[in-house]
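In the working numbering, the protein residues as written are 19 to 127. Just so you know, even glycine gets a beta-carbon here, dropped at the ideal spot from N, CA and C. The structure under discussion appears below in the form of structure tokens.
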């Protein structure tokens, strides 16, 4: 299922529910329908930036482990997963625009 984030300060953002859920869980929001009030955007940005920093360390460790597992076989290709920072970037941009223009973000409506 798709989650479509809407805000009068930015264009719509479409995410798969499975990718939106961990982000919204961090913000204490339901994935089916919700709102991030303009007054909540600053706190949401801080929470997501903290989680990006935390997950970046973990993702770098996992990447090093994948590279080490190649051993002497550099021809074997490793598919890199999409980072949390890359997944959350569009919503972070929307949050910053919403904060600047004092607008709410809604989804599922």
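Cα atoms of residue 86 and residue 116: separation of roughly 42 Å, rounded to the nearest angstrom. In the DSSP assignment, residue 30 falls within the beta strand (DSSP E) that extends over 28-34.
Take the alpha-carbon of residue 22 and the one of residue 114: they are about 17 Å apart. Close CB contacts of residue 78 within its chain, under the 6 Å cut and outside five residues either way in sequence, are absent. Residue 44 is positioned such that its CB atom lies no closer than 8 Å to that of residue 24. Setting aside the 5 residues that flank it on each side, residue 69 is surrounded in the same chain by 44, each with a C-beta closer than 6 Å to its C-beta; the list follows chain order. Between residue 124 and residue 31, the beta carbon gap of about 12 Å keeps them out of contact (Cβ cut-off 8 Å).
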